[in-house]
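Residues 13 to 202 in the numbering used here are what the sequence shown lists, from first letter to last.
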Amino acid sequence: MTAAVGLYFFAIAFVLAQLEIQIEGPHGWAEKLPTWRWQTPAVLRWAGKPITGYHVFLLLFIILFIHFPLISQGWSAEREAETVSLFFLLAVFWDFLWFVCNPHFGLSRFRAEHVWWFKKWLFGLPASYFSGLILSMLAYAAPGFFSGALSWTERAVRWGSVFAVLLTGTLIAVAVHARRRVPLAEPAKS
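Structure representation (structure tokens):
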């Protein structure tokens, strides 16, 4: 993993965030979209929110898209681990960028009282962000414990470089979008 991979995945995260802002507007988690919702009590206990057709098919599309290199270069457990790692990293940054870039949210409304679809928060962030980052790092480091050309420490350093590029891009996006806000008092237009 290199800085180029970090830049590429930042670009994907940014474009996905922008696309979802255009689709969802101020109504996160497909709240107003004409999509099916699976929201049995068991699903709500497990996921903390409804599972929507919109999100199922968007996630499946992304998973298929990022697996393309495994089709062209051949599958290996190491490549699969890297791909899974990148998926979790992408999901965290793309989701956060949705809030940063969305003129109806921004950092000022990135709190539990405004974001019903995240039930658990930790240190001012959705708890699932921490889970995603931990799973990403573990998936990327795992081949270093069993086989592969790189040790788990070398793999962790590579993962860290991609994370650093994504974080830098996100901080730049925060700075650029900080002033583009719909005032909190103004009701969101549907």
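Here a beta-carbon is modelled for each residue, glycine too, at the ideal position from N, C-alpha and C.
Counting C-beta neighbours from all protein chains within 10 Å, is the total for residue i 16 or more, i.e. buried, or is it exposed?
| i | result |
| --- | --- |
| SER32 | It is Glu, not Ser, that sits at residue 32 in the sequence shown. It is buried - the Cβ of GLU32 has at least 16 other Cβ atoms within 10 Å. |
| THR182 | buried |
| TRP106 | buried |
| PHE21 | buried |
| VAL188 | exposed |
| ALA185 | buried |
| ALA25 | buried |
| PHE111 | buried |
| GLY86 | exposed |
| PHE108 | buried |
I'd like to confirm the pairing. Which residues does DSSP put opposite residue i in its beta bridges?
| i | result |
| --- | --- |
| ILE63 | TRP50 |
| LEU137 | LEU134 |
By how many angstroms is the C-alpha of residue j removed from the C-alpha of residue i?
| i | j | result |
| --- | --- | --- |
| THR14 | ALA176 | 10 angstroms |
| ALA154 | TRP164 | 7 angstroms |
| GLU90 | PHE99 | 14 angstroms |
| ARG191 | PRO115 | 9 angstroms |
| ILE78 | LEU45 | 26 angstroms |
| PRO38 | ILE63 | 19 angstroms |
| VAL174 | ILE146 | 14 angstroms |
| ALA197 | ILE83 | Any reading at ALA197 must be qualified, since the residue scores a pLDDT of 49, below 50, and its modelled position is unreliable; the value itself is stated next. Between ALA197 and ILE83, the C-alpha separation is close to 50 angstroms. |
| GLY60 | ALA54 | 9 angstroms |
| SER140 | GLY118 | 19 angstroms |
| PHE73 | GLY18 | 20 angstroms |
| LEU71 | ALA161 | 30 angstroms |
| THR95 | HIS67 | 19 angstroms |
| TRP50 | ILE75 | 21 angstroms |
| ALA52 | VAL127 | Ala is not the amino acid found at residue 52; the sequence shown has Thr there. Approximately 20 angstroms, taken between the alpha carbons. |
| GLY65 | GLU43 | 12 angstroms |
| CYS113 | GLY172 | 24 angstroms |
| ARG170 | GLY156 | 12 angstroms |
| PHE158 | PRO81 | 22 angstroms |
| SER120 | LEU56 | 27 angstroms |
| ALA16 | GLY136 | 30 angstroms |
Could you check how far apart the C-beta atoms of residue i and residue j are, in whole angstroms? I think they sit under 8 angstroms.
| i | j | result |
| --- | --- | --- |
| SER97 | ALA151 | 4 angstroms |
| TRP41 | TRP129 | 4 angstroms |
| GLY144 | ALA103 | 6 angstroms |
| LEU134 | PHE142 | 6 angstroms |
| ALA168 | MET149 | 7 angstroms |
| LEU101 | LEU178 | 6 angstroms |
Are the C-beta of residue i and some C-beta of chain C separated by less than 9 angstroms?
| i | result |
| --- | --- |
| PRO62 | Of the chains in the structure shown, none is chain C; there is only one protein chain. |
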